[in-house]
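Chemist: Numbering (the numbering used here), first residue to last: 94 to 547.
Questions regarding the structure given below will be posed in turn.
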């Protein structure tokens with residue numbers, strides 16, 4: 094069986110150049126900054142935490158309203174039951190936009206089927222009750238209706254849920270102005286996540302800081318990616334996070350925005366940890382230069398505010414054209430987690446029973462693989478198999494960084510950093526159960542995962 098192939102790029106170049114979330118219609122010009130953007134380049138919404146920005150594309154599903162999609166109380170259960178998979182096995186608090194037959198909604202979904210009891214208390218501003226309303230407010234386990242009293246009414250919501258359950262809500266016509274979401278309490282969840290993408294089963298996940306507010310507004314300019322290489326002369330990216338020395342950060346060709354598109358003398362490029370940038374802070378370059386086509390930036394290490402637990406460095410700012418730009422690279426402050434690292438491929442989740450007729454929703458059937466180790470896994474030559482003899486050969490040069498996840502969908506689509514597509518016209522994984530097998534480049538079985546689980 095033939096598979097699509099990744100471009101001949103390094104992993105860093107591929108990640109930086111992968112396509113971001115969707116756009117409005119084609120045609121026309123939108124002027125923002127020095128150069129015009131076509132409307133096809135513009136995202137629907139932009140989400141922002143401090144200096145961090147992400148394009149946010151609303152979900153949709155079979156022309157359902159957000160209330161139909163949310164599925165509160167289906168089957169007599171008190172938990173939310175979305176029409177398409179949004180809840181992973183791990184417990185998380187999720188925020189997303191949803192577009193229905195009329196206008197867009199702001200949605201929340203907390204908890205998970207194997208997670209502990211939890212609480213998500215948020216304060217809001219910008220929700221206009223004269224033009225919109227909460228159409229799904231709560232799914233309490235011990236209440237007969239969908240409406241519990243909220244402290245602070247419309248602008249403060251305290252969701253609570255029991256173990257193994259979910260909770261959440263949706264505000265219809267939410268984006269008449271900028272919406273600000275401030276977490277007050279997040280307990281019983283591992284992370285706060287922003288979900289983006291028109292297909293709920295294939296949403297891009299952005300990890301948010303649980304300590305900082307999130308703003309969502311209609312987009313005025315796109316958010317583009319850069320190919321960033323921290324310490325380009327080093328493979329391990331090990332440094333003392335409290336040192337007064339400088340750290341080299343290179344912007345290389347291969348991203349949506351390249352070195353020639355940047356002007357750090359006039360358009361700031363802030364560098365640092367996610368938490369620091371999410372608080373509207375960041376290190377500014379001490380020196381810039383062009384070296385063999387790369388833009389080399391030197392930052393004072395201590396100014397970037399990394400801690401020993403940080404594993405990702407962010408570079409954010411604005412290009413000459415006015416587009417927001419973002420790039421990341423893996424780091425190991427203090428050298429922790431480097432030693433003799435190992436990779437460990439595991440099945441982290443799967444969805445074998447796609448919504449609707451299986452053969453009409455093949456991308457709703459997928460298996461997710463995670464690198465549960467602390468070293469990058471090179472999956473060149475690896476093969477995914479099922480018991481019936483179907484084979485999917487991982488693309489040459491495809492790697493998974495530590496804790497990174499990739500979904501293998503049964504249907505067709507464009508390869509991305511977190512999604513691959515088998516390109517089949519019939520289902521692979523049986524609803525009644527089976528085994529997921531993975532062989533490495535020597536033919537040795539490295540994953541043997543039995544299910545049913547849907």
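We put the CB at the ideal spot given by N, CA and C, even for glycine.
All of these numbers come straight from a predicted model, not from anything done at the bench.
Which one of 261, 318 and 280 has the shortest CA to CA distance from residue 163?
Modeler: If we check each option's Cα against that of residue 163, 261 comes out closest.
Chemist: Could you check which residue in 483, 476, 485 and 496 has the C-alpha nearest to that of residue 539?
Modeler: Per the Cα distances, 476.
Chemist: For the ligand FMN, any of its heavy atoms closer than 7 Å to the Cβ of residue 307?
Modeler: Ligands in the displayed structure: none, and consequently the ligand FMN is not present.
Chemist: For residue 418, report the span of its beta strand (DSSP E) as first-last.
Modeler: Residue 418 -> beta strand (DSSP E) spans 417-423.
Chemist: Relative to the C-alpha of residue 515, which candidate in 184, 407, 330 and 458 has its C-alpha closest?
Modeler: Selected option, being the one with the closest Cα: 458.
Chemist: Tell me the DSSP bridge mates of residue 394?
Modeler: DSSP, once it has assigned bridges, lists no residue as partnering residue 394.
Chemist: Among all the DSSP beta bridges, which residues are the ones paired with residue 218?
Modeler: DSSP, once it has assigned bridges, lists 273 as partnering residue 218.
Chemist: Entirely within the region 297-377 and at least 3 residues each: give me those beta strand (DSSP E) ranges in chain order.
Modeler: If we require 3 residues or more, the beta strand (DSSP E) runs fully inside the region 297-377 come out as 297-301, 307-311, 316-318, 320-323, 339-345 and 362-365.
Chemist: Can you tell me the Cα-Cα spacing of residue 287 and residue 299, whole angstroms?
Modeler: Taking the straight line joining both Cα atoms gives about 5 Å.
Chemist: Taking the alpha carbon of residue 473 as the reference point, which residue from 466, 489 and 463 has its own alpha carbon closest?
Modeler: Among 466, 489 and 463, the Cα nearest to that of residue 473 is on 489.
Chemist: Residue 358: which of 382, 342 and 338 sits nearest, CA to CA?
Modeler: Per the Cα distances, 382.
Chemist: Pull the bridge partners of residue 411 from the DSSP assignment, please.
Modeler: Paired residue(s): 417.
Chemist: Which one of 312, 321, 487 and 354 has the shortest CA to CA distance from residue 407?
Modeler: Residue 321 is the option with its Cα nearest to residue 407.
Chemist: Any contact between the region 363-375 and the region 141-154? By contact I mean 3 or more CB pairs, one from each, below 8 Å.
Modeler: Enough Cβ pairs lie closer than 8 Å, so yes.
Chemist: With which residues is residue 532 paired in a DSSP beta bridge?
Modeler: Looking at the DSSP assignment, residue 532 forms a beta bridge with 476 and 538.
Chemist: Report all residues from its chain with a CB closer than 7 Å to the CB of residue 519; omit the five preceding and five following residues, and keep chain order.
Modeler: The answer, listed in chain order, is 452.
Chemist: Suppose contacts are defined by Cβ-Cβ distances below 8 Å. Is residue 401 in contact with residue 303 by that definition?
Modeler: In this structure, residue 303 does not lie closer than 8 Å to residue 401 by Cβ.
Chemist: How big is the Cα-Cα spacing for residue 513 and residue 187?
Modeler: Between residue 513 and residue 187, the C-alpha separation is close to 23 Å.
Chemist: Given residue 226, which residues of its chain have a CB within under 8 Å of its CB, disregarding the five upstream and five downstream residues?
Modeler: Taken in chain order, the residues that qualify are 264, 265 and 266.
Chemist: Residue 478 and residue 462 - do their beta-carbons sit closer together than 8 Å?
Modeler: It is not a contact, given that the beta carbons lie outside the stated cut-off.
Chemist: Which value, in whole angstroms, describes the spacing of the CA atoms of residue 507 and residue 214?
Modeler: One C-alpha to the other measures close to 37 Å.
Chemist: Should residue 543 be labelled buried (16 or more other beta-carbon atoms within 10 Å of its own) or exposed?
Modeler: Looking at its Cβ environment, which holds fewer than 16 other Cβ atoms inside 10 Å, residue 543 is exposed.
Chemist: Tell me the start and end of each unbroken alpha helix (DSSP H) in the region 441-512 that is at least 4 residues and wholly inside, in chain order.
Modeler: Counting only runs of 4 or more, we get nothing.
Chemist: Quick check on DSSP: helix, strand or coil for residue 115?
Modeler: Interpretation of residue 115 is limited by its pLDDT of 26, a score under 50 that renders its predicted location unreliable; the figure taken from the coordinates is listed afterwards. Three-state result, residue 115: coil.
Chemist: Take residue 279 as the anchor and find which of 293, 291, 296 and 306 has the nearest alpha-carbon.
Modeler: Checking every option, the nearest Cα to that of residue 279 belongs to 306.
Chemist: Taking residue 399 as part of the beta strand (DSSP E), name the residues at either end of that continuous run.
Modeler: Taken as a continuous stretch (DSSP letters only), residue 399 belongs to no beta strand (DSSP E), as it is neither H nor E.
Chemist: Excluding the 5 residues preceding and the 5 following residue 398 in the sequence, name in chain order all residues of the same chain whose CB lies nearer than 6 Å to its CB.
Modeler: Result list for residue 398: 365, 366 and 369, in chain order.
Chemist: Looking only at C-alpha atoms, which of 301, 419, 494 and 323 sits nearest to residue 315?
Modeler: Selected option, being the one with the closest Cα: 419.
Chemist: Counting only the same chain and skipping the five closest in sequence on each side, list residues whose C-beta sits under 8 Å from that of residue 296.
Modeler: 152, 179, 189, 288, 289 and 290, listed in sequence order.
Chemist: Whole angstroms are fine: how far does the CA of residue 200 sit from the CA of residue 387?
Modeler: For residue 387 and residue 200, the distance between alpha carbons rounds to 41 Å.
Chemist: In angstroms with no decimal places, state the Cα-to-Cα distance between residue 503 and residue 492.
Modeler: Residue 503 and residue 492: Cα-Cα distance of roughly 20 Å.
Chemist: Tell me where the beta strand (DSSP E) around residue 160 begins and ends.
Modeler: First-last for residue 160: 159-163, but that is the alpha helix (DSSP H), not the beta strand (DSSP E).
Chemist: Beta carbon of residue 441, beta carbon of residue 405: below 8 Å?
Modeler: Against a cut-off of 8 Å, the Cβ pair of residue 405 and residue 441 comes out as no contact.
Chemist: Ignore the nearest five residues each way along the sequence and tell me which others in residue 309's own chain have a CB closer than 6 Å to its CB.
Modeler: Closer than 6 Å at Cβ, skipping near neighbours: 138, 140 and 272.
Chemist: Where does residue 140 sit, in a helix, a strand or coil, going by DSSP?
Modeler: The answer is strand: DSSP assigns residue 140 an E or B state.
Chemist: If you run the structure through DSSP and keep just helix, strand and coil, what is residue 580?
Modeler: The displayed coordinates of the chain run from 94 to 547. Any statement about residue 580 would go beyond what the structure contains.
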